[in-house]
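What follows is a single structure, written as structure tokens, with notes after it.
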Amino acid sequence: MAVAENIRCSHCGAPVEFKPGEIIATCKYCGFTTVVETGQAFNFEHSLLLNRFDGTQIEEPIRSWMRSGFLKPPDLAKKSKIMEKNLVYLPFWVVSVEAKTSYKGIFERIAPPVVKEGKIQKEYNWLVLAREAAGFPTREYDVPLEGKIPYDFRKIEGFAKVLNSEIDRDEALELAKQQIEAHHRYLLQQDVDKIIEMYTDINLKQMVYLHAPVWFVKYEYKGKTYQLIMDGAAGMALKGDIPSSKF
Ligand SMILES: [Zn+2]
């Protein structure tokens with residue numbers, strides 16, 4: 000178990016808790032955000048996406064996810080018992096960039112093979128989870144960014160948990176670059192079979208630190224427990240375990 004430590008909030012003086020590995024911490028009494036290492040104010044834009052569901056309301060999109068899709072047992076919504084519903088505001092970096100990849104490769108699907116050159120040019124609001132934990136479906140999460148507001152601690156429900164960042168701005172930018180390059184490498188394989196060279200140029204437009212509401216749900220179906228992750232802003236399932244529907 001990680002032991003929490005604390006620093007003093009330079010805005011309201013309350014203790015701001017952080018755990019080992021966390022590097023940006025938000026005061027739960029006033030919403031002020033501090034860089035743990037320096038004790039200085041966090042100087043970048045800090046945004047919040049609002050959660051639209053309380054503990055009862057979130058059951059509707061959960062049941063609706065259970066009812067949809069032919070891969071699920073037909074009685075899933077009816078027979079499942081929701082065991083846990085925890086609202087967590089997860090920290091993300093939203094990296095807004097223009098990314099250009101130039102490449103040269105060999106197209107081998109015809110004979111004789113030919114050398115081809117091309118460009119991929121795209122704009123992204125690339126999402127980087129600001130936690131070391133693996134397993135969160137960041138790529139499946141189409142964050143409704145138009146709904147973001149400046150971070151406001153008064154909008155955080157008393158029962159919710161707010162997680163601090165374990166990844167700083169530079170590290171997040173580096174991760175975004177690597178992930179975008181890997182994504183472009185995947186895309187250009189539709190055009191060439193063997194890459195001779197590729198170069199990706201990333202033009203950073205904006206970086207926003209964002210807390211987004213995510214519901215971590217546990218449900219029981221026929222004696223087994225399954226997990227489901229729901230987006231609290233739009234009520235969409237991000238990732239869910241589905242019981243095998245074999246009888
Ligand atoms: Zn404070």
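For what it's worth, numbering that gives the first Met the number 0 labels the leading residue of the sequence shown as 0, then goes sequentially. The beta carbon of each residue, even a glycine, is placed where N, CA and C say it ideally should be. Given the structure is predicted, the values throughout are model-derived calculations rather than measurements.
For residue i, three-class secondary structure by DSSP
i	result
K176	helix
A129	coil
D230	strand
E257	Lying outside 0 to 246, the shown extent of the chain, residue 257 is not represented and no answer is given.
E165	coil
A171	helix
T55	coil
K154	helix
G146	helix
Y140	coil
Y102	strand
Residue span of the alpha helix (DSSP H) that contains residue i, given as start and end
i	result
M65	58 to 66
A76	75 to 78
Beta-carbon proximity list for residue i, same chain, < 8 Å, skipping 5 on both sides
i	result
P242	K71, P72, L75, Y220, K221, K223, Y225
K115	K103, G104, I105, F106, D190, V191
Nonlocal neighbours in the same chain, by C-beta distance under 7 Å from residue i, ignoring five residues either side
i	result
E4	F17
F135	L128
V161	T25, K27, Y88, I155, H210
Residues near residue i in its chain [Cβ-Cβ closer than 6 Å; skip 5 each side]
i	result
G239	L227
D167	I22
N85	F215
D200	K99
L209	S46, F91, V93
A253	This structure does not reach residue 253, given that the chain is present from 0 up to 246, and the question cannot be answered.
Closer than 9 Å to chain D by CB, residue i
i	result
F106	Absent from the structure: chain D. Only one protein chain is present.
Start-to-end residues for the beta strand (DSSP E) that takes in residue i
i	result
G239	236 to 239
F199	Correcting the residue type first, residue 199 is Thr in the shown sequence and not Phe. Here the beta strand (DSSP E) through T199 covers 193 to 220.
H45	45 to 47
F17	14 to 17
Distance cut-off 8 Å: residue i Cβ against heavy atoms of ligand 3
i	result
G117	What this structure holds is ligand 1, not ligand 3.
Starting from the N-terminal end, write out each residue whose C-beta falls within a distance shorter than 6 Å of any non-hydrogen atom of ligand 1.
-> Taking every residue with its beta carbon within less than 6 Å of a heavy atom belonging to ligand 1 gives, in chain order, C8, H10, C11, A13, C26, Y28, C29, F31.
Decide yes or no for the touch test of the segment 29 to 44 against the segment 56 to 69: beta carbon pairs closer than 8 Å, at least 3 of them.
-> The segment 56 to 69 and the segment 29 to 44 do not touch, with fewer than three beta-carbon pairs separated by less than 8 Å.
Is it true that the segment 144 to 164 meets the segment 46 to 59, where meeting means three or more beta-carbon pairs spaced less than 8 Å apart?
-> In short, these stretches touch, since the Cβ pair count reaches three.
Is the segment 119 to 130 close to the segment 167 to 181, with three or more CB pairs under 8 Å?
-> These segments touch.
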